[in-house]
Every structure is written in structure tokens, then in C-alpha cells.
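Counted from 1, the sequence shown has number 58 at position 56 by this note's numbering; the numbering is strictly sequential. Heads up, the beta-carbon is just placed ideally off N, CA and C, and yes, glycines get one too.
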Amino acid sequence: MYGAHWLCRVSLVGAALWAFPACGGDDDDDVSIVDSGAGTGVDGGADCANHDQGEIGALAGTLAQVKAQDFPTTPPPEGHPTDAQFWDLIGAASDADIVEVQLWDGFGVFNRLGDGDARRVVPGTYALTEEDAVIESCGICLLLIAGVNPDEDTIDRFYLATSGNVTVDSIGGVGETLAGSASDVVLREVDGETLAPVQGGCAANIASFEFSAAVEAAPEE
């Protein structure tokens with residue numbers, strides 16, 4: 003639907019994950035997704051590890067970046083903000099679980115705020131919409147990267163939020179602070195490469211977490 007824009011979203015997950023110090027990886031790592039077993043799947047047909055998260059508190063070791071949205075092969079959607087940006091924040095929920103929050107001007111819940119500049123990410127509390135539950139259209143893309151094992155270069159599963167509430171307390175450019183919180187988050191398993199939903203896959207829940215990081219410029223590609 004959004005061409006290269008969607009591919010950018012997918013590539014952010016791997017790039018952010020292995021730039022994260024807790025993961026111990028580098029650009030040359032070959033990361034595998036493993037089946038962790040045990041538990042119950044969404045449809046009762048998959049064995050799932052318990053990746054539920056309770057009240058996490060503040061994410062640890064957070065990193066945040068901001069970058070201009072790029073539409074190299076397709077025009078922006080109608081009514082999209084001029085000079086639209088996205089923010090990407092990543093932090094540790096535990097020793098083995100990582101949370102990523104992406105915020106996109108003009109998409110998902112922010113697409114419902116009006117037209118043009120009214121669709122920018124601004125402080126407020128937002129309930130995730132059906133558009134936010136799909137990687138192609140999410141304005142708040144909330145991911146859980148579960149069961150990270152840096153010694154083996156493996157990850158158990160990837161999840162994308164389908165519902166929940168996210169509060170943005172502050173947001174800005176380089177040197178400013180991206181801060182907020184989330185609660186009552188329900189996530190479904192997605193493919194680790196495409197972030198498409200896994201048929202009959204697993205589910206996870208996050209009771210709540212908080213995030214805060216100084217915004218850095220995304221590295222040039």
C-alpha cells in the first residue's frame with residue numbers, strides 16, 4: 003500500500019534491535035527466530051512461551067531517534083503533513099525482552115486528527131486503532147521483541163500491539179525528550195521479517211510501561 007515506506011518500517015525493527023547495547027550484536031549478526039514452546043496460542047493451535055509482561059515500570063537503556071519520512075517511489079497519502087517525521091524508541095523490558103515504540107506523523111490514530119499539520123504526533127493520550135494494529139498503516143507501532151538471546155543470536159518471537167492506550171507526554175526534535183507511557187496493551191505474534199500477523203500465532207500482554215529518552219538524529223543511510 004505504501005511501497006518503500008512500509009519496507010522502511012519493517013527494516014527499522016532489525017536496525018534498532020541490533021544497535022541496542024543489551025543485544026550485543028552488530029550489523030553482521032545473523033539472527034534466528036526460534037520456537038520456544040509451551041503455553042497456548044491465539045487459536046489454541048500453537049505452543050507459546052509466556053511472554054506476558056506485567057507492570058514493567060520505566061524501560062531501561064532507552065534510545066530514541068527521529069527521521070524525516072521518505073516516499074521515494076510513491077506519493078504521500080492524501081492530506082499527509084508536510085515534512086512529516088517518525089520517531090523510533092527502543093528499550094529493555096527485562097533481560098530478554100525489548101519494547102519498541104514507533105510514532106508516525108499522519109498514520110494510524112494520528113490520521114484521524116484532521117488534515118495536513120493536524121495529523122502530526124503531539125502530546126496526548128491515544129487508544130490504538132485498527133490501523134495501528136497493522137504495520138503498513140500504524141501511527142503508533144508498538145512491538146515486543148521477546149526472548150532475545152545475544153549469545154545464540156536468537157529471538158523467540160515478535161509481537162505487534164492490536165489494542166491498548168499510549169500517552170505521549172513530550173516529543174520533539176534532536177536534543178529534546180520523547181517521553182510517555184502505555185497501558186493495557188494486547189499484542190499478537192507477527193513474522194520476524196515482514197511483521198505480518200502469524201496465522202494461529204501467539205499472544206502477549208503488557209500491563210504498563212513508561213519510556214523516556216533524549217532524541218538523537220537517525221544515522222544517514
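_Option in Pro152, Asn151 and Val136 with minimal Cα separation from Leu145_ = Val136
When Gln201, Gly182 and Asn167 are compared against Gly174, the one with the closest alpha-carbon: Gly182
Look at the Cβ atom of Ala66, then the Cβ atom of Ala215, and state whether they are nearer than 8 angstroms.
-> yes
Pro125 to Thr169, Cα distance in whole Å?
7 angstroms
| From Glu218 to Thr64, what distance separates their C-alpha atoms? | 11 angstroms
Look at the Cβ atom of Glu80, then the Cβ atom of Ser210, and state whether they are nearer than 8 angstroms.
no
Practice prompt. Along the beta strand (DSSP E) that carries Asp186, what are the first and last residues, could you check?
Written response: Thr179 to Val192
- Spell out a yes or no on whether the segment 108-125 and the segment 150-161 are touching, meaning 3 or more CB-CB pairs, one atom from each, closer than 8 angstroms. no
State the DSSP-derived secondary structure class of Cys121, mapped to helix, strand or coil. Looking at the sequence shown, residue 121 is not Cys but Arg. Three-state result, Arg121: helix.
Is the beta carbon of Ala206 sitting closer than 8 angstroms to the one on Ala129? no
Using the Cβ count rule (16 or more neighbours within 10 Å means buried), how would you classify Glu132?
The residue is exposed, with fewer than 16 neighbouring Cβ atoms inside 10 Å.
message = Are the CB atoms of Trp106 and Gly59 within a distance shorter than 8 angstroms?
response = no
CA nearest to the CA of Phe109, picked from Ala86, Val101, Ala62 and Leu91:
Ala86
Here's a check: name, in chain order, each residue in its chain whose Cβ is nearer than 7 angstroms to the Cβ of Asp171, leaving out the five neighbours to either side. Pro125, Ala181 and Gly182
Problem set entry | Cβ-Cβ separation, Ala163 to Val200 (assumed contact under 8 angstroms), whole Å | Not a contact, Cβ separation roughly 15 angstroms.
Practice task
Within 10 angstroms of the Cβ of Glu102, are there 16 or more other Cβ atoms? Answer buried if so, exposed if not.
Solution key: buried
Check: Straight-line CA distance for Ile208 to Ala51?
Finding: If I take the Cα positions, the gap works out to 15 angstroms.
**Message:** Spatial neighbours of His82 within its chain, please: C-beta separation below 6 angstroms, excluding the five flanking residues on both sides.
**Reply:** Gly108
Compute the Euclidean distance between the alpha carbons of Ala70 and Glu178, then round it to the nearest angstrom. The C-alpha of Ala70 lies about 16 angstroms from the C-alpha of Glu178.
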